[in-house]
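Structure first, then comments.
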Amino acid sequence: LSQSLVLGIETSCDDTGAAIVDSKGNIIGEALHSQLQTHLEMGGIIPPIARDLHIENISRIVETALQNADLEIKDLSAIAATVKPGMPLSLLVGTHFAKQLCKKSNIPFIPIHHMEAHALTARMVEKVDFPFLVLLASGGHCLLAVANKIDEFLLLGESIDNAPGEVLDKVARRLKLRNLPAFSTLSGGKAIEELAKQGDATAFEFGNQPMYKYNDCSFSFSGLRAKIHRHVEREEKNHNVEADQVLPSAANLCASFQHALFGHICRRLQRGMLYVDMKQMIPEGARKLVVSGGVACNSHFRKYLSIVCAEMGYTLVCPPPKLCTDNGIMIAWNGMEKWTAGVGVAKDIDAIDIEPK
Ligand code: KG4
Ligand code: ZN
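Next up, the structure:
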C-alpha cells in the first residue's frame with residue numbers, strides 16, 4: 052500500500068468513534084457508538100457510566116471500522132486519538148486503547164485536540180485554505196478562533212460559563228420534551244429545533260443581550276439559561292400542568308429561546324469578524340467562516356449564520372451534520388493532516404497523557 056492511511060479514535064465525551072481516512076479525505080471505514088439513549092434515560096452524562104460504555108464498545112467499534120475498510124492494523128500509517136479536552140474517564144479509554152495498538156504493532160501515534168479536529172473537518176470535504184475563522188458550538192464548548200495552520204489557532208473568545216448545547220439539553224429536559232413520542236430519542240438541541248418549528252420566536256422576551264457591555268468576543272449562556280427557567284416556572288404556574296405533561300407553550304418557549312441563544316452567538320461572532328477585519332488577520336476576498344460542533348447541525352442557526360456571513364463578506368462553510376457532531380472521522384482526518392505535514396507525531400508514546408482541560 053503506497054497510500055497513507057490513518058485510523059482515528061474518539062472517546063472524549065459520550066460517543067465511541069473510529070474511522071480510517073486516506074490522504075485525499077476519503078473515508079475508507081467508519082463506526083460509531085452513541086451513548087445518547089443511555090444518557091437521556093439517566094437525565095445526563097454520568098462519567099463512570101460513559102467510561103464503562105466506552106470500554107464495552109471500543110474494540111468492536113475499531114474492528115468494525117477496520118473491517119469496513121478491509122484493512123488490518125499493520126496497513127495503517129499512523130493511529131490518532133483524542134487526548135484533550137474532554138471528560139477524563141472517557142478520554143482515558145480511547146487514548147489507552149490507541150497507545151496499546153501503536154506499541155503492539157509499532158505504529159506511530161498522533162495525539163489529537165478534539166476542538167482542533169472539529170475545526171479542521173471542513174477541509175476534508177471542501178477546499179478551505181488557512182487562515183480561516185472558525186466557530187465551534189457544542190455540548191462542551193463555544194469558541195471563536197482563527198485557524199492559522201494545522202497546529203496553530205488564535206483564540207478570539209470562548210464561553211465564560213455554560214456551553215450552548217449543554218443549555219439546550221437542560222432546557223429540553225426541563226420542558227420534558229422526551230415525553231413527546233416524536234422527540235423521545237432526540238438530543239436536547241435537536242428536540243428544541245424540531246418543536247421550535249411550530250412556535251413563535253417573539254412570544255417570550257429575553258431582555259438585554261448577554262455581555263453587550265463587554266468589548267470582546269466572549270460568550271455567556273448562564274443568564275439566558277436562568278431566564279428560560281423563570282419563563283418555564285411562570286408558564287407551569289399559569290397552566291397548571293400535570294407532572295409529566297408538556298406545556299402548551301413549549302413550542303413558543305423553544306422558538307424564543309433558540310432565537311435569543313443563536314442571536315447572542317451571532318452578535319459575538321460579528322464582533323469577532325470586525326476585529327479580524329481591523330487586524331487584517333484574513334485577506335479580504337478570501338474570508339471563510341467554518342462552523343462545527345453539534346449545535347452547528349441546527350438549520351435555524353445556519354440560517355442566522357448565513358445572514359451574518361453575507362453582511363460581513365464571509366463565505367459560510369458548514370460540514371454535513373454527521374461530521375459536526377463527535378465522530379472518529381474528524382480525528383482520523385486531523386491525524387492525516389498532521390501526518391502529511393510531518394507535525395505532531397508522538398516521539399515517546401509512553402510520555403503521552405490525557406489533558407482533560
Ligand atoms: O459536538 P457534539 O456532538 O459533542 C460535544 O463535543 O459536545 O455536540 C453535542 C451537542 C448536544 O448538546 C446536542 O444537544 C447539540 O449538540 N445538538 C444540537 C443539534 N443537534 C445536536 N443543538 C442544536 N440543534 C441541533 N440540531
Ligand atoms: Zn465535540
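Reading the sequence shown from the start, the letters are residues 52 to 408 in the UniProt record's numbering.
Ideal placement from N, C-alpha and C gives every residue a C-beta, glycine not left out.
Proximity below 8 Å, CB of residue i to CB of residue j
i, j, result
"isoleucine 71", "alanine 116", "yes"
"alanine 196", "leucine 205", "yes"
"isoleucine 400", "lysine 150", "yes"
"cysteine 64", "glycine 190", "yes"
"isoleucine 130", "leucine 56", "no"
"phenylalanine 352", "valine 359", "no"
"leucine 374", "threonine 67", "no"
"glycine 364", "arginine 322", "no"
"arginine 102", "serine 74", "no"
"isoleucine 60", "valine 113", "yes"
"glutamate 245", "serine 350", "no"
CA-to-CA distance, residue j to residue i, given in whole angstroms
i, j, result
"glutamate 81", "leucine 325", "39 Å"
"phenylalanine 313", "serine 85", "26 Å"
"isoleucine 96", "leucine 143", "16 Å"
"leucine 186", "lysine 135", "18 Å"
"residue 46", "arginine 285", "For residue 46 there is no data in the structure shown, the boundaries of the chain being 52 and 408."
"valine 394", "phenylalanine 160", "11 Å"
"valine 179", "proline 370", "11 Å"
"leucine 231", "lysine 354", "26 Å"
"leucine 127", "leucine 87", "30 Å"
"arginine 229", "lysine 408", "31 Å"
"lysine 278", "glycine 250", "18 Å"
"glycine 94", "lysine 227", "11 Å"
"threonine 366", "serine 357", "8 Å"
"glutamate 167", "isoleucine 405", "15 Å"
Supposed close pair residue i, residue j - CB separation, criterion 8 Å
i, j, result
"isoleucine 100", "threonine 89", "7 Å"
"cysteine 268", "glycine 344", "No, cysteine 268 and glycine 344 are not in contact; Cβ-Cβ is about 16 Å, not under 8 Å."
"alanine 170", "glycine 379", "Rounded, the Cβ-Cβ distance is 16 Å, inconsistent with contact."
"glutamine 309", "alanine 247", "5 Å"
"phenylalanine 270", "isoleucine 316", "7 Å"
"alanine 120", "isoleucine 158", "Rounded, the Cβ-Cβ distance is 15 Å, inconsistent with contact."
"phenylalanine 183", "valine 341", "6 Å"
"glycine 137", "histidine 165", "6 Å"
Next on the checklist: In chain order, what are the residue ranges of uninterrupted beta strand (DSSP E) at least 3 long that sit wholly in the stretch 117-165?
Outcome noted: 129-135, 160-164
Checklist entry - Using 8 Å as the Cβ pair cut-off and three pairs as the minimum, do the stretch 329-348 and the stretch 273-280 touch? => result no
Next on the checklist: Check whether the stretch 206-226 and the stretch 236-249 are in contact - that is, three or more C-beta pairs closer than 8 Å.
Outcome noted: yes
Checklist entry - Residue ranges of each alpha helix (DSSP H) run of no fewer than 4 residues wholly in the stretch 209-249, ordered along the chain? => result 215-225, 239-247
Item to check | Segments of 4+ residues assigned as alpha helix (DSSP H) that fall wholly inside the stretch 369-396 | outcome: 372-375, 379-392
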